[in-house]
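Undergrad: My structure is below; once you've seen it, I'll send some questions.
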Amino acid sequence: MTNGIKQMHIGVRFQQSPAKPDAFRILQELAEEAESSKLDFVTFAGPTESLGLVSALSVSTRHIGLTATIPIGFHEPYNIARKLASLDHISKGRVAWKWDIVPSEVYAANFAHIPVRSTAETYERAAELLNVVKGLWDAWEEDAIKNDKVSGVYANGLQIHELHHKGAWFKVKGAINLPRPPQGNPVLIHTASDAEDVAFAAGHAEVVLQGNLSLNDAIEQYKRIKTLAEQSGRKAKDVIVLQQVQVSAEEQGLTSSLQQWFQAGACDGFVLQLEDDQRQIRQIREQVIPALQRSGLFRLEYTGSTLREHLGLSRPIIAVKQ
1 MTNGIKQMHI GVRFQQSPAK PDAFRILQEL AEEAESSKLD FVTFAGPTES
51 LGLVSALSVS TRHIGLTATI PIGFHEPYNI ARKLASLDHI SKGRVAWKWD
101 IVPSEVYAAN FAHIPVRSTA ETYERAAELL NVVKGLWDAW EEDAIKNDKV
151 SGVYANGLQI HELHHKGAWF KVKGAINLPR PPQGNPVLIH TASDAEDVAF
201 AAGHAEVVLQ GNLSLNDAIE QYKRIKTLAE QSGRKAKDVI VLQQVQVSAE
251 EQGLTSSLQQ WFQAGACDGF VLQLEDDQRQ IRQIREQVIP ALQRSGLFRL
301 EYTGSTLREH LGLSRPIIAV KQ
């Protein structure tokens, strides 16, 4: 909020071209362009493995959030918690985790040993996995690290708590061997593609992506997500709803369209879906963002250092000290 005007959040999703020569250099330049536009975060879709890409881009960028995609259905919570905590430390608090509950058939075919689950089982397992991951991130108390060179004590073991989780799907002792991530938790992102996704996202995600909706339908789903979040014991402001927008290089009137949807109450901002070339992101940087800035609807500069600060999300408080 600046001068009483609510500001929108804008992320960008680049669709990678397969087998493009010098692919990483191109992705690096796109991320740097997005950062120079003061965008909230960047994510990539395509062949490059996202964890490695986020790690590499954390070195070449300083402010913009970086999204790692890890499907929930085929991974263990301990591994997820440790990998994402590592990335959040490496990036100094700029990582988001975007999960897919039901990944594509192509992806699932590579995990044929995992049994097919019913829809209800899939969501039950996903909810338990998320709770375990967050519990592992909370295993270290905020001031557990002592770095006492005289005694040689790095951390107070009494402030590092084992999880001892035993649930329907997972048994995890914990703790992970990393301090609590700089953001407390990396920001949690989920795409709401149907009614079950909407309900799950409202209860668990911090950023909810929606798309393929008319303006009126987007307004109604925005209200539904906020209401469901409150019914699950959360605050509406702690769930950010972003509309996904496919942008073409020749598209005209993009700025006014974004402004219309935002001010109509259809979303808290947007994820702009772009190709992996310089033309589209340059259009955003040179035309769209300056126009939104002049209207007071988008930041002039980054005012924080973490992705949570960009998004206006509070740092999670450790739920339980064991």
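Using UniProt numbering, the first residue of the sequence shown is number 1, and each one after it goes up by one. Glycine residues also receive a C-beta, built at the ideal position from the N, C-alpha and C atoms.
(1) In terms of alpha-carbon separation, which member of 308, 318, 312, 297 lies closest to residue 92?
(2) Quick check on the burial criterion: 16 or more other C-beta atoms within 10 angstroms. Buried or exposed for residue 67?
(3) Identify which residue in 33, 197, 237, 278 has its Cα closest to the Cα of residue 126.
(4) Count the other C-beta atoms from every protein chain shown that fall within 10 angstroms of the C-beta of residue 64, then say buried if there are 16 or more, exposed otherwise.
(5) At which residues does the alpha helix (DSSP H) containing residue 177 begin and terminate?
(6) What's the gap between the Cα of residue 280 and the Cα of residue 247?
(7) Per DSSP, which residues does residue 13 bridge with? Please list them.
(8) The alpha helix (DSSP H) with residue 244 in it runs from where to where?
(9) Among the candidates 70, 74, 10, 185, whose CA atom is the shortest distance from the CA of residue 98?
(10) Can you look up residue 302 in the DSSP assignment and give me helix, strand or coil?
(11) For the region 279-299 against the region 8-15, are there 3 or more C-beta pairs whose distance is under 8 Å?
(12) Give me, in chain order, the residues of the same chain whose beta-carbon lies closer than 8 Å to that of residue 160; leave out the 5 immediate sequence neighbours on both sides.
(13) Residue 322: buried (16+ other C-beta within 10 angstroms of its C-beta) or exposed?
(14) Taking DSSP's pairing of strands, which residues face residue 140 in a bridge?
(15) Under 9 Å, do residue 56 and residue 15 count as touching if we go by C-beta distance?
(16) For residue 210, list the residues DSSP reports as bridge partners.
(17) Between the alpha carbons of residue 302 and residue 77, how many angstroms are there, rounded?
(18) Can you tell me whether DSSP reads residue 147 as helix, strand or coil?
(19) Under 9 Å between the Cβ atoms of residue 411 and residue 215?
(20) Taking the alpha-carbon positions, what's the residue 82 to residue 228 distance?
(21) Is residue 192 a contact residue of the ligand FAD, with contact defined as CB to any heavy atom under 8 Å?
TA: Based on what the coordinates show:
(1) 308
(2) buried
(3) 197
(4) buried
(5) Neither: residue 177 is in no alpha helix (DSSP H) and is coded neither H nor E.
(6) 8 Å
(7) 43, 273
(8) No alpha helix (DSSP H) contains residue 244, which is instead part of the beta strand (DSSP E) from 240-246.
(9) 70
(10) coil
(11) yes
(12) 139, 140, 141, 144, 175
(13) Any reading at residue 322 must be qualified, since the residue scores a pLDDT of 48, below 50, and its modelled position is unreliable; the value itself is stated next. Exposed, since its Cβ has fewer than 16 Cβ neighbours within 10 Å.
(14) 160
(15) no
(16) 243
(17) 32 Å
(18) strand
(19) Any property of residue 411 remains undetermined from this structure, which presents the chain solely from 1 to 322.
(20) 30 Å
(21) Absent from the structure shown: the ligand FAD. Ligands present: none.
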